[in-house]
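Reading through the structure tokens given below for one structure.
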Amino acid sequence: MSTATFAAQAKDLAGPAKALNELALNKVDLLVDLQVQAVRRYASLVLDNWMYALTITDFDEARAFMEKQAAVAREAIDSMVADAQILSEMGQEYAEEVQSLITDNVAKVAKLN
Numbered sequence: 425m426s427t428a429t430f431a432a433q434a435k436d437l438a439g440p441a442k443a444l445n446e447l448a449l450n451k452v453d454l455l456v457d458l459q460v461q462a463v464r465r466y467a468s469l470v471l472d473n474w475m476y477a478l479t480i481t482d483f484d485e486a487r488a489f490m491e492k493q494a495a496v497a498r499e500a501i502d503s504m505v506a507d508a509q510i511l512s513e514m515g516q517e518y519a520e521e522v523q524s525l526i527t528d529n530v531a532k533v534a535k536l537n
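Numbering (our numbering), first residue to last: 425 to 537.
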């Protein structure tokens, strides 16, 4: 086996691993971005609610604040459900892309034997 042939085979073997690593890195980047967005959104929701609570000066405002908590909770839950859906879609997409990479490269690796 010549050096050129060995180098070409090594490149063919390393290609799928490199593609898989690039895919994983891309998905981690997207996941981190999703988490940062979620933290900002939830922090804003909590801080806005807290700031509103600090403005309460009487019983009527306290009652209005307490009544608003159901809407705040609903907003948080809806946001969590949306985030979970995005995360689920990302996981499914990643699994499909990994499967595609494996399928595309099995034949290449088999030819090397």
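Quick reminder that beta carbons are idealized off the backbone N, C-alpha and C, glycines included.
Query, Result
"Contact check, A500 vs F489, beta carbons under 9 angstroms", "no"
"heavy atom of the ligand FAD below 8 angstroms from N473 C-beta", "As presented, the structure is devoid of all ligands, the ligand FAD included, so that no description of it is given."
"CB-CB length for V452 against L469, believed under 8 angstroms", "With 8 angstroms as the limit, V452 and L469 do not qualify as a contact, their Cβ atoms being about 26 angstroms apart."
"Euclidean distance between Cα positions of Q461 and A506", "12 angstroms"
"L454 and E521 closer than 9 angstroms at C-beta", "no"
"Alpha-carbon to alpha-carbon, A443 and L525", "8 angstroms"
"Local conformation of T479 per DSSP, three classes", "coil"
"Beta-carbon proximity list for F430, same chain, < 8 angstroms, skipping 5 on both sides", "none"
"Alpha-carbon to alpha-carbon, Q509 and L458", "12 angstroms"
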